[in-house]
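As they're listed, the protein sequences go chains A and B.
Residues 837 to 1084 (the working numbering) are what the first sequence spells out, left to right.
Residues 518 to 674 (the working numbering) are what the second sequence spells out, left to right.
Cβ coordinates follow ideal geometry from the N, Cα and C atoms, glycine included.
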Amino acid sequence: MTFNFSVSPSFPNERISDWYIFNTWLQRALSLPIHLELYDSFGTQRAAIAEGKVDIIYANPFDASLLVREKGFRAIARPEGQPDEMVVITAAESPFKEIPDLKPGARVACSDDPSVNTVGRILLEPADLNAANTVEHRRETYIQVAREILRGEADVGFLPVEAFEALSSIVRRDLRVLVTSQVHVIHHVFLIGPALSPHAEQITQLLLSMHDTDKGRGILEALGARSWQAVQHEDVEFMIDIISTLTQ
Amino acid sequence: MKDMDRAQVPGEAVEHTLTFADGTCRRVFVTSVETPYPHGKLIVSRTDTSGVITQCNKSFVDMSGYTEAELIGQPHCILRHPDMPAAAFADLWKTVQAGRQWHGYVKNLRKDGGHYWVYATVVPNVRNGEIVGFTSVRREASQEKILAAEAQYRSMN
């Protein structure tokens, strides 16, 4: 039986090959056939999850909630010291100096990343802005979100910090961060589904010791991580409780 | 819970005696100084089923003015401000003990007698079908919402 591995589409495009390299390493180390399927949108990935086409996943915190509470997945590891944070950006020359300067009717550029959009919406609340009194410009990629701002087609945009920092210095020069989230408590996690449960201990140990070898460290570095750290089930339950307060 | 220490409250302060739902009282000293909510942050804490703080994040500690050691093991009402109507907290407890989520605007009291406003959401922590505690997450509220809450609470007190 071949197991299916997927990664939340919240990583920069240049890391696609690095996730294939990770998958090759994982298959060899486990001596298990694992197929990596990357989806180009959160929607298509969620549909694959609903159809039971995912056995192991590096999930964003919002999908992790669904997978743990409704699909019987179990969290086994998370990146060390890497909470998911995001930025609300505007054009460098825009008149908005802080969030309360924004007014109803503001144009908001965003991707379909559920974590980034939920936190981004919360960061607009001090201006009393919500989905009903703003105009959302949904774009497929983070680059397109930045482009909307640069072209003056949106007033603010939501990006993960990592995606913002991956923009070229020329692009970033023409953008300005209005606010950076400091949520600290939500992060991506590795989850395994019921089909891989018999291998849970083996996979967990493999991930937790990945940084002990040069090869493992190299792959981790390429993925922007230092190491994977253990996750207790209660830590994930706590994270899910927090997320539930953000999605009301 | 211990009374507030007047020496920890700088400047002019008004003394109040709070009476909590369990009948206990606390003497507090209140100033008019508001600490602005730190942009982008979430204040997170957990309590056991009786409302005793078991865990809190750095933003919670920073905004409260207490140290983490002073907070852990204390009832959550250590942050109760006399301007908050008792009915708001009665509604909170009734809601979360019934297994539902509560949210509302809350004026919290700091150790130095000042205050800060939050938009708070409290959820029950349900494990194996049982409520084992509560998680509270606060975020920044708009000035307009704070003014409306202030007026509403004044009319309730």
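Which same chain residues end up closer than 7 Å to residue i when comparing Cβ atoms and leaving out the 5 residues on each side of it in sequence?
i, result
"R905(A)", "I1076"
"E934(A)", "L1014"
"K628(B)", "Q525, S581, G582 and Y583"
"A886(A)", "none"
"P641(B)", "V613, G616, I648 and F651"
Measure how close the beta-carbons of residue i and residue j come, nearest whole angstrom, since I'm counting them as under 8 Å.
i, j, result
"E657(B)", "P962(A)", "5 Å"
"N840(A)", "V890(A)", "5 Å"
"R1012(A)", "I925(A)", "7 Å"
"D1035(A)", "L866(A)", "Note that residue 1035(A) corresponds to His in the displayed sequence, not to Asp. Right, the Cβ-Cβ distance comes to about 7 Å (below 8 Å), so this counts as a contact."
"L1027(A)", "A900(A)", "6 Å"
"P599(B)", "H533(B)", "4 Å"
"V923(A)", "V997(A)", "6 Å"
"T638(B)", "V654(B)", "5 Å"
Quick one: does residue i have its CB under 8 Å from some CB of chain A?
i, result
"G557(B)", "yes"
"T564(B)", "no"
"T652(B)", "yes"
"K662(B)", "yes"
"E585(B)", "no"
"V623(B)", "no"
"T617(B)", "Residue identity differs from the one stated: residue 617(B) is Arg in this sequence, not Thr. It does not: the Cβ of R617(B) has no partner Cβ on chain A nearer than 8 Å."
"V547(B)", "no"
"R671(B)", "no"
"N574(B)", "yes"
Comparing the C-beta of residue i with each C-beta of chain B, is any distance below 8 Å?
i, result
"Q1018(A)", "yes"
"A963(A)", "yes"
"F1074(A)", "yes"
"T1081(A)", "yes"
"I1078(A)", "yes"
"I925(A)", "no"
"L938(A)", "no"
"I893(A)", "no"
"I958(A)", "yes"
"V1025(A)", "no"
"V1021(A)", "yes"
Identify, in the order they occur along the chain, each residue of the same chain with its Cβ nearer than 6 Å to the Cβ of residue i, setting aside the five sequence neighbours on each side.
i, result
"N674(B)", "P602"
"A990(A)", "R943, A945, H973 and E984"
"W855(A)", "V843"
"Q863(A)", "I870"
Counting only the same chain and skipping the five closest in sequence on each side, list residues whose C-beta sits under 8 Å from that of residue i.
i, result
"K1051(A)", "W861"
"P950(A)", "F878, N896, F898 and D899"
"A913(A)", "V1025, F1026, T1040, L1043, L1044, W1064, Q1065, A1066 and V1067"
Can you find at least 3 beta carbon pairs, one from the region 974–990 of chain A and one from the region 900–917 of chain A, that sit closer than 8 Å?
no
Runs of 3 residues minimum, wholly inside the region 870–932 of chain A: which ones carry the beta strand (DSSP E) assignment?
870–872, 892–895, 910–915 and 922–927
What ranges does the beta strand (DSSP E) occupy inside the region 575–641 of chain B, keeping only unbroken runs of at least 3 residues that lie completely in it?
619–626
Can you check the region 518–567 of chain B for any beta strand (DSSP E) of at least 3 residues that lies completely inside it and give the ranges in chain order?
531–536, 542–547 and 560–564
The region 1054–1065 of chain A contacting the region 555–571 of chain B, beta-carbon criterion three pairs below 8 Å:
no
Could you tell me which whole alpha helix (DSSP H) segments of length 4 or greater appear in the region 961–1025 of chain A?
978–986, 997–1002 and 1005–1009
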